[in-house]
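See below for the structure under consideration.
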Ligand code: AMP
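Residue numbers (our numbering): 25 to 306.
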C-alpha cells in the first residue's frame, strides 16, 4: 500500500493504471476509520482492479469550528486498517494541497441544501461539493463509493456528478451498525460511556417509527411520540425527524405505501451531533 500526499505523486500512478485499462475505485473519508468505512473499501476492492482511499478532514464542510477542532485524527491506526483491508493507495493531502488559495466558487444544490442537514448545517454541502469535486478531478476514479449512512450527502454527490458531467459511477453501501444498532461513526468516539448507551435512541426510534407506520399509524402521531421520547430522554436533543423521498429529499407530512420513503434523524447526545436514517419503503 502506497501513501500519496500530492497530485504530482498521483498522476504517474493514475496514468499507469489507465494505460493498462484497469478500473479504479475511490473511497473518500475523513479518517478515524471504522468498519463502516472498511465496508466501502471491501466493496471497492471486490469490484475494482485498484482502490484508492483518501483521508482528509475537510475544513470547508464544518460549520462549527469546535466540531472541526475536535474531529478525531488517528492516521497511524487508519493506515494499518487500510493496509489489512487491501487498499492499494491512500491519498493524504494537506489543507494547502487541496486549498492553495481561498475558494470563491459556491454550489447551489437546490432543495437538497434547504432541508435537514442543509438547513441545520449552513454551508456544509457547499464544502462537501468543493472537496469531492477537487478529489474527483485529482483522483479520476472509475467509481466512487459512499455510505448510505449519509443519505443526503449521497443525493448531493449524485447531483454534483450529473450536473458537472463527471464521467464516473457512484456506488452506495449500506450502513454498518454496532451490535445495539447505533450507526458506526467517527464521532461516536467522542461519546462518554453513558452517552454511548443513550445514543441508541436514534436507531430505536427509527425502528419503532417504521413498525408503527407499516402497521398503519399516521405519521403525525409517530412524529409527536418521537419528539416526546427525545424530550424526556436525558442528554438527548432532537434536531429533526423527517419522512422524505430518499432521492429528491422532498419532505412528506403523510406516509403512503406507494412511494419510496425514508426517515432521517439528527440529534445531539451530549455535545455530539449524530445522524442516521432508515428506509421505510425502498
Ligand atoms: P466520513 O469519514 O464520515 O466522511 O465518511 C466517509 C464515507 O464513509 C462516507 O461515504 C460515509 O457515508 C461512509 N460511512 C460513514 N459511516 C458509515 C457507516 N456506519 N456505514 C457505512 N458507511 C459509512
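C-beta atoms are modelled at their ideal positions from N, C-alpha and C, and glycine is treated no differently.
Keep in mind the model is a prediction, meaning the values are calculated, not measured.
8 Å Cβ shell around residue 146 - same chain, five flanking residues per side excluded
As a first step, residue 146 must be located in the chain shown, where it is residue number 122. Cβ neighbours of residue 146 within its own chain (closer than 8 Å, five residues either side excluded): 87.
What are the start and end residues of the beta strand (DSSP E) that includes residue 53? The residue labelled residue 53 in the question sits at position 29 within the chain shown. From DSSP, the beta strand (DSSP E) with residue 53 extends over 48-53.
Beta carbon nearer than 6 Å to a non-hydrogen atom of the ligand AMP:
Chain-ordered list of matching residues: 53, 54, 60, 61, 63, 64, 170, 171, 173, 174, 197, 199, 200, 207, 208, 209, 210.
Mind checking whether residue 68 and residue 49 have CB atoms under 9 Å apart?
-> Locating residue 68 in the chain shown gives position 44, where the first residue counts as 1. Locating residue 49 in the chain shown gives position 25, where the first residue counts as 1. Going by C-beta atoms, residue 68 is nearer than 9 Å to residue 49.
| query | Beta carbon of residue 263, beta carbon of residue 223: below 9 Å? | reply | Taking the first residue of the chain shown as position 1, residue 263 is located at position 239. Taking the first residue of the chain shown as position 1, residue 223 is located at position 199. At a Cβ-Cβ threshold of 9 Å, residue 263 and residue 223 do not count as neighbours.
Just how far apart, CA to CA, sit residue 306 and residue 281? Here residue 306 refers to the residue found at position 282 of the chain shown. Here residue 281 refers to the residue found at position 257 of the chain shown. Roughly 10 Å between the two C-alpha positions.
Q. Near residue 85, which residues of its chain fall below 6 Å by C-beta distance, leaving aside the five closest residues on each side in sequence?
A. Counting from 1 along the chain shown, the entry for residue 85 is found at position 61. 148, 151, 152.
- Thinking C-alpha only, which one of 107, 39, 54, 29 is nearest residue 155? Here residue 155 is taken as the residue at index 131 of the chain shown, counted from 1. Nearest C-alpha to residue 155: 54.
| said: Report the CB separation of residue 265 from residue 278 in whole angstroms; it is logged as a contact under 8 Å. | reply: Numbered from 1 along the chain shown, position 241 holds the residue referred to as residue 265. Numbered from 1 along the chain shown, position 254 holds the residue referred to as residue 278. About 15 Å separates the two Cβ atoms, so there is no contact after all.
**Request:** Measure the CB-CB distance between residue 226 and residue 206 and report whether it falls below 9 Å.
**Result:** By one-based count along the chain shown, residue 226 stands at place 202. By one-based count along the chain shown, residue 206 stands at place 182. Yes, the Cβ-Cβ distance between residue 226 and residue 206 is below 9 Å.
Candidates 269, 245, 212, 117, of which the one nearest residue 293 by Cα: In the chain shown, residue 293 corresponds to position 269, counting from 1. Comparing Cα positions, the closest option is 212.
Practice problem: Could you say which of 64, 76, 65, 62 lies nearest to residue 34 if we only look at CA atoms? | Solution: For this step, residue 34 is matched to residue 10 along the chain shown. Looking at 64, 76, 65, 62, the one whose alpha-carbon comes closest to that of residue 34 is 76.
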